[in-house]
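In the UniProt record's numbering, the protein residues as written are 1 to 251.
Heads up, the thing below is written out as structure tokens.
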């Protein structure tokens, strides 16, 4: 309760203050809708929000899985060969600097308008950097005693990576995954602003805003926030399952 209650109280207080500010200040809906109006639209559009969240969530999940796999494999290769590290880090930084608003339209033009591949590619590119950098750091921070012990056993490179490097790098891997889980949802939703299938949260937000249905647009924004929260909490659960000893140490 000590961990959950404070943020819940702050969130409730912020929503109440928001409602009072909009109602007493007579703020126009196109500037900032009231939380009560957003809630009414969320309830009325719950089926559409759910279907749009499933479409965006599928793209985000596939992109996250692909970006995570590529990031971990690239980090393993870079940690194994130092010259590759010097080349890969600047390359990863360049990928991280690519803006979604420039990347998404280009990829959309490369594929059919009914294809979801561009959005998944955008997501994979965006999540690659945090996973690659964190995993590479974890793989390079090996306990010297463990390293000497494996050399004493004449362990092969793959055995050393499987028994020592990867288990030791798991906290760093999940740090990257926690960052990437929210970025995956953001990338998938923003990529939907630039054409393609009109089934996700991003396209629903732009469509509602274009028809000046601002409370409805905010309802889909809330759906995107909830989707990002689900991704983040799922990553936390997977971290606890993969590293139960870390939870016991913290406790």
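Idealized CB from N, CA, C, for every residue including glycine.
#### Entry: Every unbroken beta strand (DSSP E) within the stretch 23-71, with a cutoff of 3 residues, ordered by chain
none
Residues near residue 120 in its chain [Cβ-Cβ closer than 6 Å; skip 5 each side]: 59, 62, 63
**Prompt:** Taking Cβ positions, are residue 187 and residue 107 nearer each other than 9 Å?
**Reply:** no
Margin query: If contact is defined by three or more beta carbon pairs under 8 Å, each pair taking one atom from either stretch, is the stretch 20-28 in contact with the stretch 85-95?
Written below: no
query = Taking residue 91 as the reference, which of 183, 74, 80 has the closest Cα?
reply = 74
**OP:** Using the Cα positions of residue 109 and residue 205, report the straight-line distance between them to the nearest angstrom.
**Re:** 22 Å
Exercise for review: Could you round the C-beta distance between residue 33 and residue 215 to whole angstroms and report it? I think they count as a contact, below 8 Å.
Suggested key: 4 Å
| query | Taking the C-alpha atoms as reference points, what is the distance between residue 48 and residue 184? | reply | 21 Å
Could you check what DSSP says for residue 253 in three-state terms: helix, strand or coil? As displayed, the chain neither begins before 1 nor continues past 251, which places residue 253 out of reach and without an answer.
Taking the C-alpha atoms as reference points, what is the distance between residue 55 and residue 117? 13 Å
- Message: Measuring only the C-alpha atoms, how far is residue 2 from residue 10?
- Response: 13 Å
request  = Go ahead and label residue 229 buried or exposed: buried means 16 or more other beta carbons lie within 10 angstroms of its beta carbon, across all protein chains shown.
outcome  = exposed
Please state whether the Cβ-Cβ distance between residue 218 and residue 31 is less than 9 Å. no
Q.
Taking the alpha helix (DSSP H) that residue 197 belongs to, which residues open and close that run?
A. It is not in any alpha helix (DSSP H) - residue 197 carries neither H nor E in the DSSP assignment.
Q.
Between which residues of its own chain and residue 126 is the CB-CB distance below 6 Å, once the five residues before and five after are set aside?
A. 183, 187
To the nearest whole angstrom, what separates the beta carbons of residue 138 and residue 172, a pair I think is in contact under 8 Å? 3 Å
Practice prompt. Measure the alpha-carbon distance for residue 223 versus residue 129 and round it to whole angstroms.
Written response: 26 Å
Query raised in the report: Roughly how many whole angstroms lie between the Cα atoms of residue 201 and residue 207?
Result: 10 Å
**Start-to-end residues for the alpha helix (DSSP H) that takes in residue 212** = Premise fails: residue 212 is in no alpha helix (DSSP H) and is neither H nor E.
- Query: My guess is that residue 72 and residue 131 are in contact by the Cβ rule of under 8 Å, so how many angstroms apart are they, rounded?
  - Reply: 7 Å
Around the Cβ of residue 133, are there at least 16 other Cβ atoms within 10 angstroms (buried) or fewer (exposed)? buried
Would you decide whether residue 112 is buried or exposed? Buried here means 16 or more other CB atoms lie within 10 Å of its CB.
exposed
On the CB-based measure, 16 or more other CB atoms within 10 Å of its CB, does residue 14 come out buried or exposed? exposed
Using the Cα positions of residue 211 and residue 168, report the straight-line distance between them to the nearest angstrom.
52 Å
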